[in-house]
Structures are given as structure tokens and as C-alpha cells.
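In terms of the UniProt record's numbering, the sequence shown is residues 1 to 736.
Here a beta-carbon is modelled for each residue, glycine too, at the ideal position from N, C-alpha and C.
Here the structure is a predicted model, which is why all the values come from computation and not from measurement.
The structure appears right after this line, and notes come after that.
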Amino acid sequence: MPSSTEQSSETAHEELAFLATCPRSMEALLAEELTGLGATIARTSVSSVHGSATREVLYRLCLWSRLANRVILVAGRFEDIEDGPGLVAASNSIEWETLIAPDASLRVDFHGESAQIRHTRFGAQCIKDGVVDRFQDHGRVRPDIDPKAADLRLYAHLHRGRLVLGIDLSGDSLHLRGYRLDGASAPLKENLAAALLVRADWPARAVRGESLFDPMCGSGTLLIEAALMACDVAPNLTRARFGFHGWAGHDEALWQNIHGEAANRARVGRRECRLTLCGRDHNLRAVESARANAGRAGVESLIQIEHGDALSTPPVMTPGLVITNPPYGERLGELPALISLYQGLGALLREHFAGWSVALLTGDPKLGHRLGMKAHRQYAFKNGSLDTKLLLIDVHERVRPEGGEPAQAAIKSDEDAGAVTHSAGAQMFANRLRKNRKRLSKWLKRSGVECYRLYDADMPEYALAIDIYGGWVHVQEYAAPRSVDANQAERRLLEAIGVLPEVLEIPADYIFLKRRERQAGRAQYERRDSSGQRFQVSEGDARLWVNLRDYLDTGLFLDHRPVRRWLHDNSAGKRVLNLFCYTATASVQAILGGAAESLSIDMSNTYLGWAEDNFRLNRLNMSRHKLLREDCMAWLERSGPQFDLIFMDPPTFSNSKKMDNVLDIQRDHAHMIERAMVHLASEGTLLFSNNLRRFKMDDAMGERFDVTSLSKQMLDPDFERRPDIHHVYQIRHRSA
């Protein structure tokens, strides 16, 4: 009979089936890492690696894996599991009494579903029932269930009828190293940061003594993971408890040996490491968090973290690796600032990092082109639910001509030329903007207009409308037709946005970008964002609020500027009615022009609130100038007061739930005008406007009323290219 020592040795060398989980796209890296730690890998699947390992190696995986989320000891695999009874029976067949330590509390983590198992809580309950029944059937004390602080987690994964059951040797996810108590916005998980460093060949670079710099370090995760690698520190060295402490097969003496060896390696590594790792962030709170996190990780002496702009001159370091995770810009409106950031980052790299390598994680590889350098390799990663790419780039050494001074860094292609060199198309676009500014400059100076259209798809390849609102820029991208390649359209958009700060001489974060598509009903007025950010602009005597971020339209229709000027000049002493008033900018101009009283009507509480803010901004008397929330069509059908001047600018089409009927301006305008004329005084004027490009006034209106088209007179120089942008008619009663 073998001795207990021999039995222990045999047990220690027994190969146990396991699987390790990880974020999607990291499976191959994890398999390579686990092989290096002594595991035998059988296969990989989505977000997991399967293999076998001894107890000693399993401990090393939990302690040393920088990439895994969890290490699961596989207890059983089952086929054709489709319902709750099947889960219970499978769970009941496992010899849990040999796997779960006495008195250990449990929780069940269930993943997956089937046609009959739709909720993870139900699946977990079935697995738990099988475990409890097993203990009771074998005369054992039923284990306690503790969903929040269990000693041991049971793992269950069901996919297409295949069930895997096991025990989680990790406990808390292995990506939780314990140092990051202070976070920054959108932090990288620790194991994703480690994977990026591995793909950028940082472990080998650290051995060669290279430097590392992160110009947008946030909470410092990339820097800290790089330091732990460089110092040979096991990522979970300071973890107090693992899942295997609740495993019946746990060998504490073996574990203490492995942990002691790792602790000694860390002491030596920290003492001998002489690398330079630097980080920078513009957010002071993030900098403070990063420093605190580095302190908890025990690498604060190795990492220098400073407060500053990512694009300012970097500290002096020996060449190595620049690795960073810039903001992704998940919303279209964030793109202008990101393009400027990427272009500036490219210029910084060429100026100060010749001979370095760059690893940049981006949510949009097309933004990477704005660096002006070509990636020699790309790797796909999932950052949470977001698809990202890691771009690996070499910054070429500066070329020294024979007998001459060092020249600029070598450039491989036009794209490598960088942010200051634009494509031929982008240069033509920039030239058109400059030409338009010059053409409009005299009119702008003479008129005092500060809100105007600078560019309106003048070049079909760059299908944008660019409006200036004082010191801010509002850009609308017209959605490309299906016949235009989407990638090409995206490239041109990035090019156009990239030249705007340079041509207009403004910061990129003063540019607001939106996409304009064909709208149904009042979709153009619906909220797109909730920043609440708004600015004051001037138009003649008026001051008005605009919001360039939250809605497709801004609160001020620039093409109607001459209409509002006409209302200002023709409202003195009159009773004014503004139908479909939107933010009531036309009412403001009429009142400032001397209107005796006014009524402005719209259905939207949001825009009437905005209108009220415009009234208050101009200190208007709201006892004589009223705002009314009502369906304008319904209001017109009733008898009511008469007005000397009526302005009516209805939407082209509306199927708003707040209206009794669908509005189609071409179909309904005659009836609408007839009803408005009932409310018009005998000597009064109706100013009727709409934006339907192919609008045609009903001939009957000209027979019943005195109708004069003012469309040509109602165009300022900034809209001369679009004579059909609106149609404006002056309508009066015919003399008896």
C-alpha cells in the first residue's frame, strides 16, 4: 500500500480538466499564456480555453494569469440538456461531496439558455437543487447558499444542449487585481490592458530596458499592468482568498509554496527594475486616482504620472513604446474633437517619438488614419460591448542626408505625411471654405450678421451644411445615398472635419456634428442628446438661445433670417399671430420691432419653454405677448380674435400624436390659408412660408386673395445657392 506522502504526490501530479474564461478575442493569447504556465491546451472556444493541468499548475494559473477572468475545474459535461429537470438530474449526478469543502457556503453562476430555460436565475436554482439533493441523498449536511459572499462558486454553462458544470477556482474575477479602487471615466479592465501590452510585445521590450509612455493614462491601468510585468509581479499576488480555498481538494502547503515563490520573485523584480514608465492625463482627478492605484499595486516608485495635455511636449525618455487608449467617440457629435485629437497625436509622435513603436486602441480604425501614419498590424479586441482595434505603428527614424542636417522623419506615403498634409479632395474643400468666407465677408461686416451658412454641399463629394453661430460651428452631414460607398463617405467626412479647425481657426470642441436624413413628421425636432448645453447668439436687436448638440435643428432657422427681419420692420403697433412658432424667434423680432401685442402657438412644451426663455432673455412683456400650447390647425378652425399680421411657417409633413389629423403642406395649405385669413384683419397681412422644395401654390388662392411671392427677396447671400430652400408669400384680402 502506498504511503500518504506517495498518495499526495500522485494527487499533485494528477491531470485535472479545466477551462479558463476571458473576454472575447483574447482566446489565442490566453491559450499561449496558459501553455507557458504549464497547462496542456486541448482547444479554444468563444471566450474560453479548455485543457488539463495539475493542481500545482491550476494554482499558478489563478495566481499568474494576466489575461483570464476565471479558472474553472470541470466536474462534468453533459449532452441534450434542455429543461429544468435535466439540469437538476445532471447536477445531482456530480460527486459534489468530494469537491466542496465541509461547511463551505455556495453560490451558483449560471450562463446560457435553451427553449425552456430562459432565465439564468431559474437555471441557477435548478443546479442548486441538484447539489442540495445530492448532499441529502448521501447523508451529508446541506450546504449553505450565500449569493453575495460565498466561499465557493459553482459554474454552469448551457449552450445548444451542452452543459458544463464545475467549481470556480478563482473566486472573484481574476481581472480584479485589487489595486484599482479609484477609477476614471471608461477605464480599461486589467486583463484587457495586459492583452494590449502583450500584443505590443511589451514583456520583451521590458527585458530590453525600453521606456513606456501613455499620454492619456486615465486611471493608470496600462501603466500599472506594464510595471507588474516588468517587475515580474504575479497579478493576483495580494489577493487574500481564491475560490479554491473552498475546494475539498485544496492543498494549503502546496499553495503556500507557490505563493511564497511568487512573493520572492516580486521582491527581487521590484528591487532590480530600472525602467522608465510615464503617464499623463488632462483630468487632475484621473491623475490622482492613477497615482493612488499605482501605490496600492506597489509600483508607485516605477511610474511617473503628471497632469497635463496629451499633446504637449513629453518628458525626455529613451525610445520604447507609446501605448494609449484615446476616447472612442461613440456619438457622431464627438467626432470633431476626436479627429483633432488624432491629428495632434500624430504630429506629436512624428515630432518627439521617432524610433518608437506605438500601440493605440481605437473604436474607429478610420480615425487611426488621421494620425498620418500607417499601422503595420491590427488586432481586434472587445472592450466591454464595443468593437475596438489595436493599431501597431512604427514611427520611422529621421533621415540624415549625407553631409547634411537631420531631415524630417521618413514618410512612406501621402497618408504618412500627417495631419498638416491633406488629401487633394480635402485641400479643395478647405479652399472652398476660404473662398466662401471671402465672398461673404463684406456682407457680414455690413449687416452685422453673426449666424450664417458658410457651406452647403457646394462640392457633392463633401455633402455637408456648415453653419456659423457666433464662435461655434454646426455641421450637418447629409446621409449619403446608397449608391455612394459608405467607407468613402466616412473618409470624406473625417477629412472635412479635420480641416475645419485649421480653416476657421477655432478649437475642435467648438464644432458640433450631426447627420441629417429624411425626416418623418416632427422627427427633426426630437431630442437627440440631453446635454442641455446652449449658447446665446445675436440677430439684429435680438438675443436668442441656440442648442447645437441636443436636436437636429438648433432653435434658429438661418434661412428665415430675412423673414424675421421683415417681421421686425413691419410689426410696429400691430397685433401679431405666430402659428407653428417653434422657439418663437420670429415673435421676438416682431415684438422688438414694436408689435403692440402677440400670440405665439405651438404644440410642443419643450419649444414653448425655449420660446419663453427667448422672451425673458430679451426682457419682453409677457402680459401682452403670450405663448399658447395648442394644435394650430385645431385653433384655426375656431372663431377668435383678429390680427394685423400673421406669420405661418408650418412643417412640410406632420403625423404627431398630438394632432387630430396628419398634415401634408402641399395637400392642406389652401385650407390652412383660408382658415388663417378668417383671423386676419381687413387691412392685414399673412406671411406664409414653407420649406417644401417643390411646393406649388394652389391657383385658387390667387383668385380669392392678393398673393405675392417674396421668395427671392427673402434670400440673403449665404443661401443664394439654394433658391428653393423656402417659399414665402405675402397674402392679403382683396379690396371690395
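Residue pairing by DSSP places residue 727 opposite 690 in a beta bridge.
In the assembly as shown, residue 96 is a buried residue. Its beta-carbon has 16 or more other beta-carbons within 10 Å. Note on geometry: alpha-carbon atoms of residue 380 and residue 93 lie some 40 Å from one another. For residue 177, the CB contacts under 6 Å within the same chain, skipping 5 residues up- and downstream, are 190, 235 in chain order. Cβ-Cβ distances below 6 Å link residue 393 to 358, 373, 375 in the same chain, with the five nearest sequence neighbours on each side left out; the list follows chain order.
It is roughly 56 Å from the alpha-carbon of residue 709 to the alpha-carbon of residue 282. Taken through DSSP and simplified to helix, strand or coil, residue 373 comes out as coil. With at least 16 other beta carbons inside 10 angstroms of its own, residue 426 counts as buried. Counting along the chain, the unbroken beta strand (DSSP E) around residue 476 starts and ends at 472 to 478. Beta-bridge partners assigned by DSSP to residue 221: none are found. DSSP places residue 197 within a helical segment (H, G or I) once states are collapsed to three. Checking the DSSP bridge columns, you'll see residue 629 partnered with 602. CA-CA distance, residue 599 to residue 579, rounds to 8 Å. Closest by C-alpha distance to residue 239, out of 296, 339, 679, is 296. One Cα belongs to residue 683, the other to residue 638, and the distance between them is close to 21 Å. Residue 214 sits away from residue 228, with the two beta carbons spaced by 8 Å or more. With a 10 Å radius around the Cβ and a threshold of 16 neighbouring Cβ atoms, residue 267 comes out exposed. Contact check for residue 640 and residue 671: beta-carbon distance about 17 Å, past the 8 Å limit, so the pair fails to qualify. For residue 503, the three-state secondary structure derived from DSSP is helix.
In this structure, the beta-carbon distance from residue 610 to residue 555 falls below 8 Å. In the DSSP assignment, residue 361 is bridged to 390.
Around the beta-carbon of residue 443, fewer than 16 other beta-carbon atoms lie within 10 Å, marking it exposed. Within the same chain, and ignoring the five residues on either side of residue 157 in sequence, the residues whose Cβ sits closer than 6 Å to its Cβ are 111, 112, 164. The three-state reading of DSSP puts residue 578 in strand, counting E and B together. The residues 575, 624, in chain order, have a CB closer than 6 Å to that of residue 597 in the same chain once the five nearest residues on each side in sequence are set aside. In the DSSP assignment, residue 536 is bridged to 545.
DSSP places residue 107 in the strand class (E or B) of the three-state scheme.
Shortest Cα-Cα distance from residue 307 to any of 284, 269, 291, 318 involves 284. Every beta strand (DSSP E) stretch that sits fully inside the stretch 271 to 338 and reaches 3 residues is listed by chain position as 277 to 281, 303 to 307, 320 to 324. Distance between residue 705 and residue 542, taken at the CA atoms: about 33 Å. Closest in alpha carbon position to residue 55, among 604, 251, 503, is 251. Within the DSSP bridge table, the entry for residue 382 names 387 as partners.
Taking C-beta separations shorter than 6 Å and ignoring five residues to either side along the sequence, the partners of residue 382 in its chain run 23, 24, 25, following chain order. Boundaries cannot be given for residue 462, as no alpha helix (DSSP H) includes it and DSSP labels it neither H nor E. CA-to-CA, the gap between residue 275 and residue 206 works out to about 7 Å.
If you draw a straight line from the Cα of residue 288 to the Cα of residue 583, it comes to about 44 Å.
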